[in-house]
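As structure tokens, the structure follows; a few thoughts come after it.
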Amino acid sequence: MSVKASVFIATSLDGFIARPDGSIDWLNEANAVVPSGEDCGYAEFIKSVDVLVMGRNTFEMVLTFEAWPYEDKRVVVLSSKPLIIPAGLPSTVSASSESPDVLVERLSAEGTQRLYVDGGKTIQRFLAAGLIDDITITLIPVLLGQGRPLFGPIENDITLALMATRTFEFGFVQVKYRVARREYNIIKEVTP
Ligand SMILES: NC(=O)c1ccc[n+]([C@@H]2O[C@H](COP(=O)([O-])OP(=O)(O)OC[C@H]3O[C@@H](n4cnc5c(N)ncnc54)[C@H](OP(=O)(O)O)[C@@H]3O)[C@@H](O)[C@H]2O)c1
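For the sequence shown, the numbering used here assigns the number 1 to the initial residue and increments by one for each residue that follows.
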């Protein structure tokens, strides 16, 4: 399988991607002090992505934005329930209830090279399936105390290797990790 799956996300220092009700006002507030022209690498990252896979909760949050932010980028929204894609969205947006394995297999067969996986639960499912290759986290200097976590319970440790760090003078810290291959993590689990 040649498709590479990446996470590019912002969290509070205590590891939350949203408040318990899904709101990201704290992130918008933090972004308000970012100098114009600074996007912490997002434009370069999104340019490298063929398909964005997001969970239903993230999709619903994005629908509240003033405009659809992904232009004609292919987007797959995951939900176990029937999902209505609003008529105004590009035809490149589709819904799916496939498991991460099946979806990645299909997209790979269709020639996809790089996936952007977004949404906490969705990232957790892809990680559990051993399907995430790299994770870029922009740490926002705020503690929320509670909220929707980026990471959750896992059956086995997942080993990561640091690829890069960046610090921004306005207080953000960005860390990029490569996720060790699933085979490595499974072998590590059974090796004393
Ligand atoms: N800080 C950031 O940079 C950042 C980035 C992205 C999102 N967010 C925020 O994070 C929140 C969303 O994260 P979240 O953890 O709540 O959820 P999420 O991952 O966006 O969505 C979870 C939902 O996705 C569906 N889903 C995921 N994988 C599936 C699969 N393989 N098959 C079928 N359905 C699947 C399920 O929907 P059903 O229940 O319909 O089955 C599940 O309940 C939002 O508030 C968003 O604003 C923040």
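In this text, a Cβ means the ideal position worked out from N, Cα and C, and glycines have one as well.
With a cut-off of 8 Å, do at least 3 Cβ pairs link the region 21-34 to the region 154-166?
no
Report the rounded CA-to-CA distance for Leu160 versus Ala10, giving the unit in angstroms.
18 Å
Would you check if there are 3 or more beta carbon pairs closer than 8 Å linking the region 141-152 to the region 81-89?
no
Does ligand 1 have even one heavy atom less than 7 Å from the beta-carbon of Ile17?
yes
Just the Cα atoms here: how many angstroms apart are Trp68 and Leu107?
22 Å
Between which two residues does the beta strand (DSSP E) containing Phe8 stretch?
Lys4 to Ser12
Meets three-Cβ-pair contact criterion under 8 Å: the region 44-59 and the region 105-119:
yes
Residue(s) in a DSSP beta bridge with Phe16
Pro149
Return helix, strand or coil for Ile123, following the three-state DSSP convention.
helix
Less than 8 Å between the CB atoms is what I'm expecting for Ile135 and Val75, so what's the real figure, rounded?
So it is not a contact: roughly 20 Å between Cβ atoms.
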